[in-house]
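Q: Encoded as structure tokens, here's the structure I'll be asking about.
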Amino acid sequence: MKNKTVIITGSNKGIGKEAAKQIAKLGAKVYMACRSLDSANEAREGIVKETGNPNV
Numbered sequence: 000m001k002n003k004t005v006i007i008t009g010s011n012k013g014i015g016k017e018a019a020k021q022i023a024k025l026g027a028k029v030y031m032a033c034r035s036l037d038s039a040n041e042a043r044e045g046i047v048k049e050t051g052n053p054n055v
């Protein structure tokens, strides 16, 4: 999924977070739409660390 951009809502927990993680593993640029900035940043850090994709 390189050269693709994906927007995922509710991506700071649950299915949305897992979807963001799996898509990030495939190399896409992932935009996370979340209500809580703090939990979004925490989720993003974990996804970047686990996938190695800084484009989250």
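Start counting the sequence shown at 0; every next residue gets the next number (numbering that gives the first Met the number 0).
We put the CB at the ideal spot given by N, CA and C, even for glycine.
(1) Assuming Val-29 is part of the beta strand (DSSP E), what are its boundary residues?
(2) Give the secondary structure of Val-55 by DSSP, where H, G and I count as helix, E and B as strand, and everything else as coil.
(3) Skipping 5 residues on each side, what residues in its chain have a beta carbon closer than 6 angstroms to that of Thr-8?
(4) Across which residues does DSSP place Thr-4 in a beta bridge pair?
(5) Could you check whether Ile-46 and Lys-20 sit closer than 7 angstroms to each other, using their CB atoms as the reference points?
A: Answer, in terms of the structure:
(1) In the sequence shown, the residue the question calls residue 29 occupies position 30. 28-32 is the span of the beta strand (DSSP E), which, as asked, contains Val-29.
(2) Numbered from its first residue, the sequence shown carries residue 55 at position 56. Three-state DSSP puts Val-55 in coil, outside helix and strand.
(3) To locate residue 8, count along the sequence shown from 1; it is residue 9. Sequence-distant Cβ neighbours of Thr-8 in its own chain, meaning closer than 6 angstroms and more than five residues away, are Ala-32.
(4) Translated into positions along the sequence shown, residue 4 becomes position 5. The partner list for Thr-4 (beta bridge, DSSP) reads Lys-28.
(5) Position 21 of the sequence shown, counted from the start, is the residue given in the question as residue 20. Position 47 of the sequence shown, counted from the start, is the residue given in the question as residue 46. A contact, by the Cβ cut-off of 7 angstroms.
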